[in-house]
């Protein structure tokens, strides 16, 4: 395992990261909402990268894991800035983002800023626009009134402790939606999605596939895989997707 280090951004955020030196484009794991860089998928990909001599970066957004701040202070735009800042400073040359859940949305936002450096993209249960189409759209009138009056609302999760969703997260999310405007992805994209995922629906995966413009974009649906997408076969599919993108870039 690579050494734990910290990056101090010009925005005053201290971001924890692990960077593995290696050849070729840097594979960058972008985690999900309230996840951290020590999750199964991130650690598995790091081990795979080290085994194959590939450069690899995993990090915690602000308010996540070992980075500064609290989750309730953050929003989609903050974490997009974290992603851009750490990559723009620490990594030179081409990159391959691998985005899980909210990290899939972050990868799509990153393409607006670093498309020229991206050799491709891999998403795992990508959750673009979830603050609007998932949270806000499903809130009851009482929950909407509570978030307007109190600034936050607590909602349960099938995968961890309840989320505190703030009014700032909802309002900021509306400034970063990617499924309402053209979404050019000028590189190969591989999307992985489980059919038993209760956090992100297969309809969301199909919507992203149909909306984006890419010369080579494919969606793989995995029967009975859940949102974690982290058992042995699923991890193998993530490896295969990364290998395929790297091979296309090298050809």
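In UniProt numbering, the protein residues as written are 1 to 251. We put the beta carbon where it would ideally sit given N, CA and C, even for glycine.
- Message: Taking 8 angstroms as the cut-off, does the stretch 225 to 244 touch the stretch 176 to 192 (at least 3 CB pairs, one atom from each stretch)?
- Response: yes
- Message: Closest to residue 183 by C-alpha separation, out of 152, 109, 119, would be which residue?
- Response: Here residue 183 refers to the residue found at position 183 when the chain shown is read from its first residue. The option with the nearest alpha carbon to residue 183 is 109.
- Distance, residue 37 Cα to residue 64 Cα: As a position in the chain shown, residue 64 is number 64, starting the count at 1. As a position in the chain shown, residue 37 is number 37, starting the count at 1. C-alpha separation (whole angstroms): 9 angstroms.
- For the beta strand (DSSP E) that contains residue 95, what are its first and last residues? One-based indexing of the chain shown puts residue 95 at position 95. First-last of the beta strand (DSSP E) with residue 95: 95 to 100.
- To the nearest angstrom, how far is it from the Cα of residue 41 to the Cα of residue 49? By 1-based counting over the chain shown, the position of residue 41 is 41. By 1-based counting over the chain shown, the position of residue 49 is 49. The straight-line gap from Cα to Cα measures roughly 12 angstroms.
- Query: Do the CB positions of residue 212 and residue 185 come within less than 8 angstroms of each other?
  - Reply: Translated into the one-based positions of the chain shown, residue 212 becomes position 212. Translated into the one-based positions of the chain shown, residue 185 becomes position 185. Closer than 8 angstroms, so yes.
- Which whole-angstrom value describes the C-beta separation of residue 179 and residue 207, a residue pair presumed to lie in contact below a C-beta threshold of 8 angstroms? Reading the chain shown from its first residue, position 179 is the one you call residue 179. Reading the chain shown from its first residue, position 207 is the one you call residue 207. At roughly 6 angstroms, the Cβ-Cβ gap stays under 8 angstroms, so residue 179 and residue 207 are in contact.
- Task: Evaluate residue 155 with the Cβ neighbour count: other Cβ atoms within 10 Å of its Cβ, from every protein chain shown; 16 or more gives buried, anything less gives exposed.
- Result: The sequence position of residue 155 within the chain shown is 155, counting from 1. Exposed is the call here.
- Item | Proximity test, Cβ basis, 8 angstroms: residue 179 and chain D | Going by chain labels, chain D is absent from the structure shown, which holds only one protein chain.
- Query: Would you say the stretch 132 to 149 touches the stretch 93 to 112, given that touching needs at least three Cβ pairs under 8 angstroms?
  - Reply: no
- Item | Whole-Å CB distance - residue 17 paired with residue 7, under 8 angstroms assumed | Position 17 of the chain shown, counting from 1, holds the residue named residue 17. Position 7 of the chain shown, counting from 1, holds the residue named residue 7. Yes, residue 17 and residue 7 are in contact; Cβ-Cβ is about 6 angstroms, under 8 angstroms.
- Query: Leaving out five residues before and five after residue 328 in sequence, what residues of the same chain have Cβ atoms less than 7 angstroms from its Cβ?
  - Reply: The chain is shown only over 1 to 251; residue 328 falls outside these bounds and no answer can be derived.
- Message: With a threshold of 6 angstroms on Cβ separation, who are the neighbours of residue 252 within its own chain once the five nearest residues in sequence on each side are excluded?
- Response: In this structure the chain extends from 1 to 251, so residue 252 is not present and cannot be described.
- Message: Going by beta-carbon coordinates alone, are residue 205 and residue 227 separated by less than 8 angstroms?
- Response: Stepping through the chain shown from its first residue, residue 205 is reached at position 205. Stepping through the chain shown from its first residue, residue 227 is reached at position 227. For residue 205 and residue 227, no; Cβs fall outside 8 angstroms.
- Task: Specify the secondary structure class of residue 127 as computed by DSSP and reduced to three states.
- Result: Indexing the chain shown from 1 puts residue 127 at position 127. Residue 127 falls in the coil class under three-state DSSP.
- Message: In the DSSP assignment, the alpha helix (DSSP H) including residue 85 goes from what residue to what residue?
- Response: Numbered from 1 along the chain shown, position 85 holds the residue referred to as residue 85. Segment 76 to 90, the alpha helix (DSSP H) holding residue 85.
- Taking the C-alpha atoms as reference points, what is the distance between residue 116 and residue 141? For the purposes of this step, residue 116 is taken as residue 116 along the chain shown, with counting starting at 1. For the purposes of this step, residue 141 is taken as residue 141 along the chain shown, with counting starting at 1. Cα-Cα distance, rounded: 43 angstroms.
- Task: Give me the Cα-Cα distance between residue 149 and residue 161, rounded to the nearest whole angstrom.
- Result: Working through the chain shown from its first residue, we reach residue 149 at position 149. Working through the chain shown from its first residue, we reach residue 161 at position 161. About 23 angstroms.
- Quick one: is residue 45 buried, meaning 16 or more other Cβ sit within 10 Å of its Cβ, or exposed? Taking the first residue of the chain shown as position 1, residue 45 is located at position 45. Buried.
- Task: Quick one: measure Cβ to Cβ for residue 82 and residue 9, integer angstroms, because I've assumed they're closer than 8 angstroms.
- Result: What you label residue 82 is simply residue 82 of the chain shown in a count that begins at 1. What you label residue 9 is simply residue 9 of the chain shown in a count that begins at 1. At roughly 7 angstroms, the Cβ-Cβ gap stays under 8 angstroms, so residue 82 and residue 9 are in contact.
- Return the CA-CA distance between residue 39 and residue 181, expressed in angstroms with no decimal places. Here residue 39 refers to the residue found at position 39 when the chain shown is read from its first residue. Here residue 181 refers to the residue found at position 181 when the chain shown is read from its first residue. If I take the Cα positions, the gap works out to 32 angstroms.
- Item | Beta-ladder partner(s) of residue 54, from DSSP | If you number the chain shown from 1, residue 54 lands on position 54. Paired residues: 23.
- Beta-carbon gap between residue 124 and residue 238 smaller than 8 angstroms: Here the question's residue 124 lines up with position 124 in the chain shown. Here the question's residue 238 lines up with position 238 in the chain shown. Yes, Cβ-Cβ distance for residue 124 and residue 238 is below 8 angstroms.
- What are the boundary residues of the alpha helix (DSSP H) that residue 203 is part of? Within the chain shown, numbered from 1, the residue matching residue 203 stands at position 203. 202 to 211 is the extent of the alpha helix (DSSP H) around residue 203.
- Query: When the distance is taken between beta carbons, is residue 187 closer than 8 angstroms to residue 104?
  - Reply: Counting from 1 along the chain shown, the entry for residue 104 is found at position 104. Counting from 1 along the chain shown, the entry for residue 187 is found at position 187. Going by C-beta atoms, residue 104 is not nearer than 8 angstroms to residue 187.
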